[in-house]
Amino acid sequence: MTADSCALEVSLTGCNLELGGGHQLLRKVSKAFSARYSESGGLVLSLRAKSASSVQEEVLGQLGCSRFLAASRVKLWWMVPVWGTTGSEVPPETQFLLLEVAAGGAHAIIL
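Residue 478 in my numbering is what sits at position 9 of the sequence shown, and the numbering runs on without skipping anything.
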């Protein structure tokens, strides 16, 4: 089995970021985000900023997973793992999220 045969299609349908098979990664994605497909088959979300600024804050959406692993920056050169089940448990300065989409099922990564 190759990595390509395991890949699931990702799409932004309405306000939901979905995997093939009907699994929702994110619900209620903000309209400030637009989606485009990369050459490697991933989906890239872009933020349309309201103003030019070095800091932008926007709610991405609600997590649709059974649990996650987040790697967040705690010092300039150090990250720590954080495990959780709800979006409120995702720490600031998270560098990536590894999502378990369905218990014992598919996984996805958000960079």
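Cβ coordinates follow ideal geometry from the N, Cα and C atoms, glycine included.
Between Ser535 and Thr554, the gap from beta carbon to beta carbon is short of 8 angstroms. Nearest in C-alpha terms to Pro561, of all of Ser541, Ala572, Gly490, His576, is Ser541. Taking 8 angstroms as the upper bound for CB-CB distance, Leu495 and Leu545 are not in contact here, some 29 angstroms apart. A direct Cα-Cα distance of roughly 10 angstroms separates Ser499 from Arg517. Between Tyr506 and Leu512, the gap from beta carbon to beta carbon is short of 8 angstroms.
Assignment of Glu478 by DSSP, reduced to helix, strand and coil, places it in the coil class. In this structure, Phe537 lies away from Glu508, with their beta-carbon atoms at least 8 angstroms apart. One Cα belongs to Ala521, the other to Glu527, and the distance between them is close to 14 angstroms.
Annotation: Gly491 to Gln525 spans about 31 angstroms, alpha carbon to alpha carbon. Under the three-state reduction of DSSP, Ser557 is assigned to helix.
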